[in-house]
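As numbered in mature numbering (1 follows the signal peptide of the UniProt record, and there is no 0), residues -22 to -1, 1 to 452 make up the sequence shown, in order.
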Amino acid sequence: MRAPSTRLTALSGILLAGALSACDPSPRFTQAEPGEALSSGSATVFKRDHNAFSLPAANLSPSRRLDFSVGNSFFRNPWVIAPATTTARDGLGPLFNTNACQNCHIKDGRGHPPGADALSAASLLVRLSLPATAEQAKIIERLGVVPEPTYGSQLQDMANPGVAAEGKVRFSYNPQRVRFADGHEVELRRPRLEISQLGYGPLHPDTQFSPRIAPPMIGLGLLEAIPEAALLANADPDDADGDGISGRPNRVWDDALQRTVLGRFGWKAGQPNLNQQNAHAFAGDMGLTSTLVPADDCSEPQRDCRAAANGGTPEVSDSILASVLFYSRNLGVPARRGVEAPQVLAGKGLFFQAGCQSCHTPKFTTAADAAEPELANQTIRPYSDLLLHDMGADLADERSEFLASGREWRTPPLWGIGLTEAVNGHTQFLHDGRARNLLEAILWHGGEAEAARQQVLTFDAEQRAALLAFLNSL
């Protein structure tokens, strides 16, 4: 599905951001497919309460579950300021967004935008960059963006004592209404980003902003295990088949390999693999160095930041990074619910009728040589192609990232989306959390998904309920 355009109007790609593109009349589904309830094959877990996203994959052995628990402890527990007696967990900051991974990926689930009285943005961060010039091609090749000269590529709204935080993040909203063919109206909220209390002077006048909530952690190792050829088989950058959908891969820098590879993770597929995703999150979100990201993100004007004590070199050891990698690869995906229910089957037909599956690809088989044996040869149903799609002007953030344009977003996986409220206590979707429910998320789709959106706007109350029943079964 296509993504945003500019300032916060950016699509939040969330969840349905897949491009619903209009298709021919949908197939009618009278029964579930064999194994359809097993979203992640033999790794599928059977939990539907607030812990549904926090379980180890079902096919992990007891000894491997111990390894999972070790990674979980480093993901869940807070890091502290150096120097400290807790030497395995010190080095937090000097600038950071949170002190524990779990604070953003709450219960291993989805983040949310800050409330009016929030002390920090917590599970939402703001990416920063400047428009690139032709002379900056090498910077784009390695970093994907041109960082803002003082504040870098991510605003950090918390800091250690004696160091000024970079700023405070707030949201406000303007309402806009959408009408269905049967007269039903839905009020959407268009976000407005507000950054105040800047700690190091004004931002560059050309700064680009992209607010992004933390995505769910489930099934990431399985997404990493999808063969590259299978993802590229769905790419159609020039829309050669004329269906209005032109998904394309992002190509990003691999820090370990020192070359450009396929991007898979992040709202714009800006990271190539989980280990690099984790290392950059440790660095950007908590100010923790690793062998992949060996320096704190302190700019020249941030003198106190550069002078602060560190927690060792690196602060996140290779063994801790490996433990967190094992944990993040092996979080189980919950089984679907009610796959045989008539309303769910009807909603599945409407999902296909609207063309949502053109971007939200239902099914893949993971590679035989996956990074972990439990991830190999699994039939999985993530409902994503992991490709970039133009989501239209309303969702655009106008901020490019490697090959992704300001209107493009990676199709977010939909598995587990129906358990968001059970796990996280809210139903805020899309990249910036603007949608307060799944129907609002659909109605923000544009660009390649505009035809699908228009199709959904023809659905009556019974059809809307069926479509939502299907999505909530995922």
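Glycine included, C-beta positions come from ideal geometry on N, C-alpha and C.
Remember, predicted model here, so these are calculated numbers, not experimental data.
- The C-beta of Thr291 has fewer than 16 other C-beta atoms within 10 Å across all chains shown, which makes the residue exposed.
- Counting C-beta pairs with one atom in each stretch, the segment 366 to 377 and the segment 410 to 429 have three or more that are closer than 8 Å, which means they touch.
- Of the candidates Cys334, Arg170, Gly161, Tyr129, Arg170 places its Cα closest to the Cα of Arg412.
- The distance from the Cβ of Pro153 to that of Arg167 is about 6 Å, consistent with a contact at the 8 Å cut-off.
- Excluding residues up to 5 positions away in sequence, Cys82, His83, Gly89, Ser101 lie with their Cβ nearer than 6 Å to the Cβ of Ala192 in the same chain.
- The continuous stretches of alpha helix (DSSP H) do not include Asp368, which lies in the beta strand (DSSP E) extending over residues 366 to 368.
- Between Asn228 and Glu376, the C-beta gap is not smaller than 9 Å, which leaves the two residues out of contact.
- Measuring C-alpha to C-alpha distances from Arg431 to each of Ala332, Thr344, His182 identifies Ala332 as the nearest.
- The Cβ atoms of Val401 and Ala30 lie closer than 9 Å to each other.
- Following the DSSP letters along the chain, one finds Val230 inside the beta strand (DSSP E) bounded by residues 229 to 232.
- If you draw a straight line from the Cα of Ile173 to the Cα of Val147, it is about 5 Å long.
- In the DSSP annotation of this structure, Pro169 is not part of any alpha helix (DSSP H); the continuous beta strand (DSSP E) holding it starts and ends at 163 to 174.
- In this structure, Thr185 lies near Leu106, with their beta-carbon atoms less than 9 Å apart.
- Thr238: not part of any alpha helix (DSSP H); member of the beta strand (DSSP E) spanning 237 to 240, first to last residue.
- In the structure shown, Glu386 adopts extended strand secondary structure according to DSSP, grouped into three states.
- Ala447 and Asn75 have their C-alpha atoms some 36 Å from each other.
- Under the three-state reduction of DSSP, Gln132 is assigned to strand.
- With contacts defined as CB atoms closer than 9 Å, Glu350 and Gly199 qualify as a contacting pair.
- Within the model, the alpha-carbon separation for Leu210 versus Leu365 is close to 8 Å.
- The secondary-structure analysis by DSSP pairs Lys146 across a beta bridge with Ser174.
- Around the beta-carbon of Glu11, fewer than 16 other beta-carbon atoms lie within 10 Å, marking it exposed.
- In the three-state scheme derived from DSSP, where H, G and I count as helix and E and B as strand, Leu73 is classed as strand.
- Around the beta carbon of Gln249, 16 or more other beta carbons sit within 10 angstroms, so the residue counts as buried.
- Around the beta carbon of Glu165, fewer than 16 other beta carbons sit within 10 angstroms, so the residue counts as exposed.
- The DSSP-derived three-state label of Asp372 is coil.
- When DSSP states are grouped into helix, strand and coil, Arg281 belongs to the helix group.
- For Arg385 against Ala374, the beta-carbon gap comes to about 4 Å, under 8 Å, which counts as contact.
- Here Thr65 carries a helix assignment [DSSP, helix/strand/coil].
- Where Ser188 is concerned, the enclosing beta strand (DSSP E) starts and stops at 186 to 191.
- Taking the Cα positions, Ser268 is about 31 Å away from Arg226.
- Per DSSP, the unbroken beta strand (DSSP E) holding Leu106 starts and ends at 102 to 107.
- In summary, Pro312 is buried, with 16 or more beta-carbon neighbours lying within 10 Å of its beta-carbon over all protein chains present.
- Gln154 has Leu166 as its beta-bridge partners, per DSSP.
- The residue from Leu449, Leu435, Asn251, Gln254 with its alpha-carbon nearest to that of Pro360 is Leu449.
- With a threshold of 16 other beta carbon atoms within 10 Å, Asp68 meets it and is buried.
- Distance from the Cα of Arg281 is smallest, within the candidate group Glu144, Pro40, Ala99, Pro92, for Glu144.
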